[in-house]
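Engineer:
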Amino acid sequence: MSKTNKKNSEASPKKRKTSKLKQESDLTEKNQMKDENKTLEPSKISESKDERKQDLYNKLKVVHTTSPSILSSSSGFENYRGIINLCLLLLVLSNFRVALDNILKFGYNNYIWMFIILYRYGVLVDPYIILVFLENPYSWPSATLVILSNVFIQVCFYAERLLSKGNISERFGCCIHVFNICLTILVPIYVVFKFQPLPYFATMTLMWYTSVVLKMVSYASVNWWCREDAIINRLKDVQQSGPVKYPHNLTQKDLYYFMLAPTFCYELNFPQTQKIRKRFLIRRILEAVFLYSLILALVQQWLVPTVKNSMHSYKELDLGRLFERIMKLAIPNHLLWLLAFYAYFHSFLNIVSEVLYFGDRTFYKDWWNAPNVAIFWQNWNIPIHRWAKRHVYEPMLRNKYSKSQASMFVFFLSAFFHEFIVSIPLQMFRPYAFLSMLMQFPLAILTSSMKNPWGNIMMWLSLIIGQPLAIMMYYHDYLVEHSVIKV
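Taking this note's numbering, the leading residue of the sequence shown gets 663, the next gets one more, and so forth.
1) Do S1069 and F1103 come within 8 Å of each other at the CB atom, strictly closer than that value?
2) Tell me the residue span of the alpha helix (DSSP H) that contains Q1150.
3) Using a Cβ-Cβ cutoff of less than 7 Å, which residues in the same chain neighbour I1044 once the five nearest sequence positions on both sides are dropped?
4) Between the stretch 1051–1060 and the stretch 811–827, are three or more C-beta pairs nearer than 8 Å?
5) Helix or strand or just coil, what does DSSP make of Q816?
6) Could you please give me the residues that DSSP links to F1020 through a beta bridge?
7) Tell me which residue opens and which closes the alpha helix (DSSP H) that V884 is part of.
8) If you draw a straight line from the C-alpha of N812 to the C-alpha of L912, how long is it?
9) Quick one: grab the DSSP three-state call for M989.
10) Beta-carbon separation of C818 and M878 under 8 Å?
11) Which class does N1114 belong to by DSSP, given the choice of helix, strand or coil?
12) Cβ atoms of L1001 and L948: under 8 Å apart, would you say?
13) Among A923, W886, L860 and C888, which residue has its Cα nearest to the Cα of V1084?
14) Could you pull the start and end residues of the alpha helix (DSSP H) that N842 belongs to?
15) Which residues in the same chain have their Cβ closer than 6 Å to the Cβ of I1133, if we skip the five residues on either side of it in sequence?
16) Do P1087 and V849 have their CB atoms nearer than 8 Å?
17) At the level of alpha carbons, what is the spacing between S1110 and Q858?
18) Going by CA-CA distance only, name the one from M1112, G1117 and S1098 that's closest to M1135.
19) Where does G828 fall in DSSP's three states?
20) Which word fits T806, buried or exposed, when buried means at least 16 other C-beta atoms lie within 10 angstroms of its C-beta?
21) Quick one: what's got a C-beta closer than 8 Å to A1050's C-beta in the same chain, skipping five residues either side?
22) Please classify E738: does DSSP put it in a helix, a strand, or coil?
23) W1042 by DSSP, collapsed to three states: which one?
24) Pick helix, strand or coil for L1011, following the three-state DSSP scheme.
25) Buried or exposed: where does Y852 fall if 16 or more other Cβ atoms within 10 Å of its Cβ makes it buried?
26) What's the C-alpha gap between L1100 and H726?
27) Out of F1091, I843, S1124 and A821, which has the shortest C-alpha to C-alpha gap to L1105?
28) Determine, using beta carbons only, whether L1108 comes closer than 8 Å to chain C.
29) Could you spell out the range, first to last residue, of the alpha helix (DSSP H) harbouring F1074?
30) With DSSP collapsed to three states, give me the class of S710.
31) Can you tell which of V1017, F1003 and I843 has its C-alpha closest to the C-alpha of K940?
32) Using only alpha-carbon positions, find the residue among W802, S804, D1022 and I838 that is nearest to F814.
33) Counting only the same chain and skipping the five closest in sequence on each side, list residues whose C-beta sits under 6 Å from that of Y1137.
34) Below 7 Å CB to CB, which residues in the same chain sit around A992 once its five sequence neighbours on both sides are set aside?
35) Which residues mark the beginning and the end of the alpha helix (DSSP H) in which S731 is found?
36) Less than 8 Å separating the beta-carbons of T935 and G1021?
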């Protein structure tokens, strides 16, 4: 025991010494850390605090807020580009499927036979149509008519020059304009029936003549208003405030700029852009070329076989089968109509506007959201709507006609020119287009009392169902009229 106690007593001072040294080293480290903390810059300390606060904020930040679903009308979301791309992809795939189905069902021989029939009677246009145009002498009257339209334009111009100088009276000048406009309508009718050009070219030509008629009416009207002292005072801020003033606007350059501009309402000073946007122009040109090719493919692969297969049901008046064919034709026809709308009103008219530095690009509004048929006709073709409102609707109201009478006359004029553009190229008078446009007036009255979405649904139904029926009737009567099929 004594030896053990002696050993412990000898070891304890060593342990105490070791623990004391350890405590001193720990104290030294703490003092060094304190000194290091003291030497830290205040900015680094604040940065570390900010980082901790930001990290804590990220952990505790609010996840949920009061918000509608993105497809709800209250969300304000408007970017549906991805859905549009999906629709275009589905359109291409479905069109390819129909083309493949036609080849497998009818074979290449029948396919070639179909093209021969189409070439022979000019119902469709193929990419080789330029060769057909050059080889077929009966297609040249359309080009001749386009050149001949300059005669009527010049008569309108020189009549205005004489009126501006006071060489002829207003009454006599009005008679010249009326006679000139009547000839502008009657001459192409005579030429088409006399020389029987291809319907496609004849349709394009008559669309141009319709444009010329509307523009000449506006040109003569605005210049007449500028000659009236009272009207000049009222329109000073509108027509006489620009760099061009009446009668200095009566030049060939001004006239043909208006004839080529994408508008039917004449003004002395049109809004103009500063330069041509090359990228924008190239994009629109590529769009127009692509959409024209797609429309051509739709007509050849989808529309024509469906219409052709519907003729038996149409002749036999098999209503059930006929209705099924109308439904089958409705979708491709409506897609074709939508593509044609975009290709013309957006791509083509923007090309023309960009080349001419024309500033007003409001060619259409959101007609797809129209609550009724009346709003649809106001929004889907703005140049025509502006012309009808300026030169027909408002003048009739000023002459004490009612709004219903003025609207009815506007629909009557539209029906006339629809029939003019459709029936004359087909060289047969069928009032289908005329009556369908007149029926839009009571339909507009009916849908104006409907609340959304029913008015909008009726508008879409009139477009989807009405057009296929008219196409089938015109196609059948065209084949009967030209002895392609017998009844």
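Just so you know, even glycine gets a beta-carbon here, dropped at the ideal spot from N, CA and C.
Computed from a predicted structure; not experimentally measured.
Structural biologist: By the coordinates alone:
1) It is a contact, given that the beta carbons lie within the stated cut-off.
2) Lying before the first or after the last residue shown, residue 1150 is absent from the chain, which here runs from 663 to 1149.
3) T1024, F1025, Y1026 and K1027
4) no
5) If DSSP states are grouped into helix, strand and coil, Q816 belongs with the helices.
6) Q934.
7) Annotation for V884: the continuous alpha helix (DSSP H) segment containing it runs P861 to R889.
8) 16 Å
9) Note: M989 maps to helix in three-state DSSP.
10) yes
11) Residue state, collapsed to three classes: coil.
12) no
13) L860
14) Taken as a continuous stretch (DSSP letters only), the alpha helix (DSSP H) holding N842 covers E832 to F857.
15) So no residue of the chain qualifies.
16) Taking the C-beta atoms as reference points, V849 is found no nearer than 8 Å to P1087.
17) 43 Å
18) S1098
19) coil
20) exposed
21) V1072, L1075 and S1076
22) According to the sequence shown, residue 738 is Gly rather than Glu. If DSSP states are grouped into helix, strand and coil, G738 belongs with coil.
23) coil
24) helix
25) exposed
26) Roughly 54 Å separates the two Cα atoms.
27) Relative to the Cα of L1105, the nearest Cα in the group F1091, I843, S1124 and A821 belongs to S1124.
28) Chain labels in this structure do not include chain C; a single protein chain is all it has.
29) K1065 to L1088
30) In the structure shown, S710 sits in a helix (DSSP, three-state: H, G or I).
31) V1017
32) Closest in C-alpha terms to F814, from the list W802, S804, D1022 and I838, comes I838.
33) V969
34) I1126, I1127 and P1130, listed in sequence order.
35) No residue range can be given for S731, since it is assigned to no alpha helix (DSSP H) and is classified by DSSP as neither H nor E.
36) yes
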